[in-house]
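Per our numbering, residue 138 is the first one in the sequence shown, and the count goes up by one each step.
Below is one structure, written out as structure tokens; the observations come after it.
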Amino acid sequence: MTHVLAFGDDRSAGAGRCWEWIVSQRWDGWRLEVVTADPPADFHPVEPDEARLHPWDPENPRQPIDGGFVAVEHLRAEIDPRLALIARTWDLVAVGPHAEGWLKALRLGSTADWLLREPASPLVIARQPEPVEQVLLAADGSSHAARATNTLAILPWLEGKVVRIMAIDDGRTDTEKAVSDAAESLSATRVKVETVTRRGRPTNVIIEEIEKTRPDLVVMGARGRGGIKRLVLGSTTAAVAGSTDRSLLVAHAEAETV
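Written out as structure tokens, the structure reads:
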């Protein structure tokens, strides 16, 4: 089975940073789909084929050099970029950090609340262009965190990286099981696993741990409410996303509503 990475490319500086993050890793065996979307000017009607993602040939295509991808395809649609991001189910969607670009469509309280009608693919907000070496994984035993962990586990460049699995004892989490389950999910990846348990409010503890360890990638489950709320992140994930300059991978359990 070939895994697919979708790169949300709005040609902004943030998208450029995300592209640098993508090409700094090796994606052996993966397929890359570069997704560009532009809403029609003045909301004029467009042909159905133009409103759907379709192959196109941009003037300056994104072409990774020896990145390991088995195929690269550029896709375009004349629709709102937020709709383009949910038009298909991808193994991972990568976007840049600038609010002016794709991330603005995913921020809390945005019009994504009423646009998002399908389950979201796992999402990376790429903030640093360097290769990932250190990962902080927040494990709380939820199905959301499990999907985030499983997404991390399929990344082809994970071998040899250091993954710090952190569980937080907030009176609601079986920390021992959460850490054990996460470590088991990563057992076939040949990562260097570290484990730690902290006590306190999850939001504060995670932000403190990020500031202390400065990981290259933070991995968390996102608690949504199903349907159009899928990418309206839970309060902890939202707070972390708004408080760190580190790259972030979030995922929501596909078949569950909260």
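Every residue, glycine too, gets a C-beta built ideally from N, C-alpha and C.
In this text, all values refer to a predicted model and were calculated from it rather than measured experimentally.
Check: For residue 145, three-class secondary structure by DSSP; Outcome: strand
Check: Under 8 Å between C-beta atoms of residue 290 and residue 326; Outcome: yes
Check: Local Cβ density within 10 Å of residue 390, reported as buried at 16 or more and exposed below that; Outcome: buried
Check: Residue 152 and residue 190 closer than 8 Å at C-beta; Outcome: no
Check: Sequence-distant residues of its chain with Cβ nearer than 6 Å to residue 373 (five each side left out); Outcome: 339, 340
Check: In DSSP terms, what residue 304 is bridged to; Outcome: 334
Check: Range of the contiguous alpha helix (DSSP H) that encloses residue 280; Outcome: 280-290
Check: DSSP beta-bridge partners of residue 173; Outcome: 213
Check: Residue range of the alpha helix (DSSP H) that includes residue 152; Outcome: 150-160
Check: Close beta carbons around residue 263, own chain, < 6 Å, minus the five adjacent residues each side; Outcome: 155, 158, 231, 384
Check: Endpoints, alpha helix (DSSP H) assigned at residue 220; Outcome: 218-222
Check: Those residues which DSSP pairs with residue 329 across a bridge; Outcome: 299
Check: Rounded straight-line distance, which links the Cα of residue 208 to that of residue 167; Outcome: 8 Å
Check: Distance between beta carbons of residue 259 and residue 222, contact taken as under 8 Å; Outcome: The pair is not a contact, with the Cβ atoms about 12 Å apart (cut-off 8 Å).
Check: Separation of residue 219 from residue 227, as counted between CA atoms; Outcome: 14 Å
Check: Span of the beta strand (DSSP E) around residue 390; Outcome: Note, residue 390: premise wrong, no beta strand (DSSP E); not H, not E.
Check: Validate contact between the segment 197-207 and the segment 302-309 using beta carbons, cut 8 Å, 3 pairs; Outcome: no
Check: Assigned exposure category for residue 249 - 16 Cβ within 10 Å defines buried; Outcome: With a pLDDT of 29 at residue 249, under the threshold of 50, the modelled position of that residue is not reliable, and the figure given next carries that caveat. Looking at its Cβ environment, which holds 16 or more other Cβ atoms inside 10 Å, residue 249 is buried.
Check: C-alpha distance - residue 299 paired with residue 174, whole-angstrom precision; Outcome: 36 Å
Check: Residue burial classification, residue 254 (beta-carbon count within 10 angstroms, cutoff 16); Outcome: Because residue 254 carries a pLDDT of 36, less than 50, the predicted location of this residue cannot be relied on, and no value is offered for it.
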